[in-house]
Amino acid sequence: MKTVRRIPLYSISNAILGVMADEVEFPPGDGPTNGISVTLTAGTLQAIRDRVGKRGVSAYLERAAQRQIERDNLDELIADFERTHGPADPEAVTAKRIRLTGGTSDAGAAA
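Quick look at the structure:
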């Protein structure tokens with residue numbers, strides 16, 4: 205049986221660009237792809253595969269990582285705001301939530 209050496213796509217794109225991905229800063233979701241090894245519990249991996257199929261796992265994890273980065277950035281903004289202005293008034297937050305949702309949703313109440 206003949207062994208075929210596979211060259212990762214990111215190696216080709218980096219060669220074309222003439223740069224290594226580590227030498228250039230890219231925003232989340234941009235730039236060449238890099239293969240990594242990720243360890244997941246069996247149940248988590250099965251749930252992902254049930255949703256997106258075996259070939260959609262990387263894209264699913266990419267989107268999940270981007271959402272987590274967005275949430276982390278938002279947490280940092282909130283913490284910075286609270287350091288400057290103090291914590292948000294819970295009653296004012298509830299009033300704004302009711303105004304935004306028309307009082308029909310508890311979305312975000314546990315957040």
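Residue numbers (our numbering): 205 to 315. The beta-carbon is built from N, C-alpha and C at its ideal position, and this holds for glycine as well.
Take Ile273, set aside five residues on each side of it, and the residues of its chain with a beta-carbon closer than 7 Å to its own are Pro232, in chain order.
With contacts defined as CB atoms closer than 8 Å, Ile252 and Tyr264 qualify as a contacting pair. Excluding sequence positions up to five before and after Arg255, its CB lies within less than 8 Å of the CB of Tyr264, all in the same chain and listed in chain order. Straight through space, the alpha carbons of Lys258 and Asn277 are spaced by roughly 30 Å. The shortest C-alpha to C-alpha distance from Gly235 to any of Asp279, Glu266, Leu304 is the one to Glu266.
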